[in-house]
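First to last, the sequence lines map onto chains A and B. Residue numbers for the first sequence follow the working numbering, beginning at 1 and rising by one. Residue numbers for the second sequence follow the working numbering, beginning at 441 and rising by one. Note that CB positions come from ideal geometry on N, CA and C, so glycine has one too. Given the structure is predicted, the values throughout are model-derived calculations rather than measurements.
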Amino acid sequence: MKAKRKALTHHVSRITDIPGPDTIHRREHPNGMVVLVKENFTNPVVVIDGVLNFGSVDVKRAQAGLASFMASVIMRGTQRRTFQQVYEAIESVGAAVDVSAGLNRSGFGTKSLAEDLPLVIDILADVLQNPTFPEAEVEKERGEILTDLEERANDTQRTASLTFRELLYPAEHPYSISGSGYVETIRALKRDDLERFYRERVGAQGMIVTIVGAVKAEDVFRMWEDAFGNWTGARTEHAPLPDAPRLTEMRRKSALVPGKTQSDLVLGCIGPARAAPDYFSAALCNSVLGRFGMMGRLGAKVREKGGMAYYAYSVLEGGLGPGAWNVVAGVNPANVDRAVKLIIGEIKRICDTKIPAKELSDNKAFITGSLPLRLETNDGVADQITNMELYGLGLDYLLKYTDMVNVITAAQVQAAAQKYFDPDAYALAVAGPIGDRLAG
Amino acid sequence: MATTRRSTRLRKPARRLKIARRNGVLKTTLANGLTVILKENHNAPVATFWCWYKVGSRHEWSGITGISHWVEHMLFKGTKTFPKAMVDKIVSREGGLWNGMTWLDFTTYFETLPVAKIDVALQIESDRMVNSLFAPKDVESERTVIISERQGNENNPQFLLGESMQAAAFVAHGYHHETIGHLCDLHALTRDDLFGHYKTYYAPNNCVAVAVGAFDAKDMLARIDKSFGRIKPGPALPRIASVEPEQKGERRVTVDGDGATAYIDVAYRVPEARHADFPALVVLDAILAGASGLSLFGGGTTNASSRLYRALVDTELATNVAGSMVPTHDPYLYTISATVRQGHTPAEVEAALDAELQKVIDQAPAQEEVDKAIKQAKAQFAYGSESVTNQGFWYGFSEMFADYAWFEDYLPRLSRVTVGDVHRVAQDYLLKGRRTVGYYVPKQGGGMKDEG
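Below, the structure written as structure tokens:
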């Protein structure tokens, strides 16, 4: 048996390749973009993961949905290609190209065979630099968004999530506003609004692009520079985010979604930003609370013991700003209050009592031990590298990762729980067949 | 741990088993009937292990619908060796992920782990193949979890429509109900029903074990033989011989429900995955509704240049359209689904769909369209091969309706499809008299003309 084990570990040491300063190629360009490349010749696939320096945080409530609407129409026609020509080119080679808006920053992504990378970069450059916002395409997209908003109103998960953010953040905080917009704002946006937002917000400055796959770094740098090196576009600063004070009371709202057999609930507080010093402590705490094994302590209590929900887990948003830290569960409408009581009980327990040493070490082993799985595909590697750049973690982040997790103490985990969660002051949104039972 | 109590003697199955090797895949059968498929993949220091049981909702009938899926849940409730409070944590502690899935033709379980830890998967799977407890208390708490899972599905209008479509499309065959099962059966099934189903279908001779990853195949085979080789074969399997009778005439269903959005599904009867026409139908689907992803975890491409997108979405009748041509053990359905755009009706979408389908019935597609479908499949195949988990899925899944070579030969078979083949299968299978049409009609004004 020992000999066999040796054979296995031999393979491990031979092929372990954690991306770090020696294998990630990084270049900053005068136009403000940063390009990172990681070669991987084990399969014929190349992915691109990009960040653009705009988000729905740059949009006021009266124009909610503008960033997302604009990003969708970017793909719908350029000075060189019609909508159909853009997609015919992409799909003819089985590639995928996507541009979409996010909360703090937006992004683009592609996947293709290595042989088709030049085509994919050419299309990306075209749609990002030369969009024409054709009137007819704007109207097509508008109808698709309005239909999607109709579907959202009939979807308990999406309604609960939207309601939760409205409870958690002050009304004019960009995090309380729907990134997809609302029926009235989407109807009111004009083609010129989209184009203006593009001119004011989309450019090379602040762009991060990570390319991973079966291509030589020098070749891909050259391709990217040829396509984007002369692009400037918009140069703007983000307005500082308004304060997002912690809640001082419990806020609850039940949104009516008629005819449903299950209610979805979202319960939580404002959590740390990704770059916060106690982010890792919070991440470990989140693992214990609602991830590890079958959805952590929440899964054990609400699903396994209570038999009340198919899913009950927790999510730590992180991100550039004060993202949410919340619990999500789907329960029978008659069980909402019982489930909330169990969830609050677990939050209270993690705030009041230090995590036992064995549970802490198990969770550390999970977080650090699962790194190889997260680095298995080009997508997974690109995601990690982009995050290193976006959050200023350093190219040696993954090499230090295990040590950074392992030094965290039970006291630090408890401190993070106490700092961000308050069992008496949280937001609770429920969406289902029972409407609001509270006045107002 | 379980292994320390077992014999440490390593048998050498490679010497006594008939082993087939093909394109780096090793396939063999242990003495107890367990089929084993192994593929080395040294791209990353990870491995995946799957146990595929040939039991799914196809093996159920009214009264016991949902039983296969519920049994799958019970296999996460522990054994004497791995009690439920412990089994949850073992895989996570080793940095792995795991799950179970049940569908029409199969129930499957997998673990993906750093390769040095893959023995954990073998221990858990060999143990729960025969030793799961099905404690009455756990059966009852899982009953409400599964009802909750069903209620979550019911919140989705497209689930409700799909369930009605299956019920209308199949009269005799077990494909007539959703894998989750009917609510009345989820209320009525007993612990003995579940345990009996488990003891009937969970045995090495009804299982395919698949491992893909950075291991040595012969070494992995020895490990699998050590964990599974001592399990006795199960009894003869029940004979499930339902054959769906010929459909004589179009069937139509309507689901009334909440919301403001209407949906339409149109499902044509098509043959099973082993049938010679299957590859041409896959190409036809790609031409009509875009390339299907070959990844278990999504990541398919867009379909804006497909015929149906142009006919339904570009014309602003629908906001999306998708085709589903899934490989199955017995003849199943080719389903086209669309979300009706605000201000339009399912009937308008259906009329436009029919007009577009008539074109491919009347005239063979262009060679470029077939070439495009094959290139798309080639790319999707490469994307799907990036992860060992996904490869493990396909090697095992294809054994449920054919054998692993079905997956290995997927691209060559598609490459042999001609425009004539595509034209012929369009004529043979896109028949109104052999289809089921379903509308989801929302109560809240969906399908009405736009307010402008």
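When the Cα of I344 (chain A) is compared with those of A:Y313, A:L36, A:R26, which residue comes out closest? A:Y313
Report the rounded CA-to-CA distance for T701 (chain B) versus T785 (chain B), giving the unit in angstroms. 9 Å
When burial is assigned at 16 or more other CB atoms within 10 Å of the CB, is M404 (chain A) buried or exposed? exposed
Note the first and the last residue of the continuous alpha helix (DSSP H) segment covering E376 (chain A). No alpha helix (DSSP H) contains E376 (chain A), which DSSP labels as neither H nor E.
Between F83 (chain A) and I186 (chain A), which are expected to be in contact by the criterion C-beta below 8 Å, what is the C-beta distance as a whole number of angstroms? With 8 Å as the limit, F83 (chain A) and I186 (chain A) do not qualify as a contact, their Cβ atoms being about 19 Å apart.
Starting from N326 (chain A), follow the beta strand (DSSP E) in both directions and report where the run begins and ends. 324-331
Proximity winner among A:T159, A:Y279, A:D337, A:P118, relative to A431 (chain A) (alpha-carbon distances): Ranking the options by Cα distance to A431 (chain A), first place goes to A:T159.
Closer than 8 Å by beta-carbon distance: list the chain B residues that pair up with N406 (chain A), in chain order. Near N406 (chain A) there are no residues of chain B at all, since even the closest Cβ is about 13 Å away, more than 8 Å.
Taking the alpha-carbon positions, what's the A628 (chain B) to F574 (chain B) distance? Computed Cα separation, rounded: 16 Å.
What is the residue span of the beta strand (DSSP E) that F550 (chain B) lies within? 547-554
Between D159 (chain A) and chain B, is any beta-carbon pair separated by less than 8 Å? The sequence shown places Thr at residue 159 (chain A), not Asp. It does not: the Cβ of T159 (chain A) has no partner Cβ on chain B nearer than 8 Å.
Below 8 Å CB to CB, which residues in the same chain sit around G102 (chain A) once its five sequence neighbours on both sides are set aside? For G102 (chain A), where only same-chain residues beyond five positions count, the Cβ hits under 8 Å are G55, S56, G179.
From the DSSP output, in three-state form, read off I177 (chain A) for me. coil
Environment of C269 (chain A) [buried if 16+ CB atoms lie within 10 Å]: buried
From the beta carbon of R781 (chain B), is the nearest beta carbon of chain A less than 8 Å away? So yes, R781 (chain B) belongs to the interface.
Local Cβ density within 10 Å of H513 (chain B), reported as buried at 16 or more and exposed below that: buried
Any beta carbon from chain B within less than 8 Å of A95 (chain A)'s own beta carbon? Residue-level contact check: A95 (chain A) touches chain B, since one or more beta carbons of chain B fall below 8 Å from its beta carbon.
Identify each residue in the region 681-698 of chain B for which the Cβ-Cβ distance to at least one residue of chain A is less than 8 Å, and report them in chain order. G697, D698
Assuming contact is defined by CB atoms lying nearer than 8 Å, are V215 (chain A) and A114 (chain A) in contact in what I supplied? yes
Quick check: what's the CA-CA separation for V336 (chain A) versus F292 (chain A)? Spanning the alpha carbons of V336 (chain A) and F292 (chain A) requires a straight line of approximately 23 Å.
Is M70 (chain A) close to chain B, meaning its C-beta is less than 8 Å from at least one C-beta of that chain? no
Residues in the region 580-614 of chain B having any Cβ partner in chain A nearer than 9 Å: E580, S581, E582, R583, T584, V585, I586, I587, S588, E589, R590, Q591, G592, N593, E594, N595, N596, P597
Using a Cβ-Cβ cut-off of 8 Å, state whether Q84 (chain A) counts as contacting chain B. yes
If contact is defined by three or more beta carbon pairs under 8 Å, each pair taking one atom from either stretch, is the region 774-785 of chain B in contact with the region 146-153 of chain A? Yes, they touch.
Does DSSP classify E39 (chain A) as helix, strand or coil? strand
First and last residue of the uninterrupted beta strand (DSSP E) at A487 (chain B): 486-493
Is it a yes or a no for the region 659-669 of chain B touching the region 852-859 of chain B, going by three-plus beta-carbon pairs under 8 Å? no
Tell whether a beta-carbon distance below 8 Å holds between P523 (chain B) and G535 (chain B). no
Are the region 698-714 of chain B and the region 671-679 of chain B touching by the rule of at least three beta carbon pairs closer than 8 Å? Flag = no, the region 698-714 of chain B and the region 671-679 of chain B do not touch.
DSSP on S855 (chain B), reduced to helix/strand/coil? helix
Alpha carbon to alpha carbon, how far is L371 (chain A) from E894 (chain B)? Give it in angstroms, no decimals. Outside the displayed range of chain B (441 to 892) lies residue 894 (chain B), so it cannot be described from this structure.
Between which residues of its own chain and T108 (chain A) is the CB-CB distance below 6 Å, once the five residues before and five after are set aside? Before going on, a small fix: residue 108 (chain A) reads as Phe here, not Thr. Once the five neighbours on either side are set aside, the close Cβ partners of F108 (chain A) are G50, V99.
When you compare the CB positions of Y401 (chain A) and M388 (chain A), do they come within less than 8 Å of one another, or not? Not a contact, by the Cβ cut-off of 8 Å.
Roughly how many angstroms lie between the CA atoms of I671 (chain B) and S532 (chain B), to the nearest whole one? 26 Å
Amino acids of chain B, ordered along the chain, whose beta-carbon sits closer than 9 Å to that of G369 (chain A): S532, R533, E534, G535, G536, L553, P554, K557
Taking one C-beta from the region 652-660 of chain B and one from the region 682-692 of chain B each time, how about it: are there three or more such pairs within less than 8 Å? no
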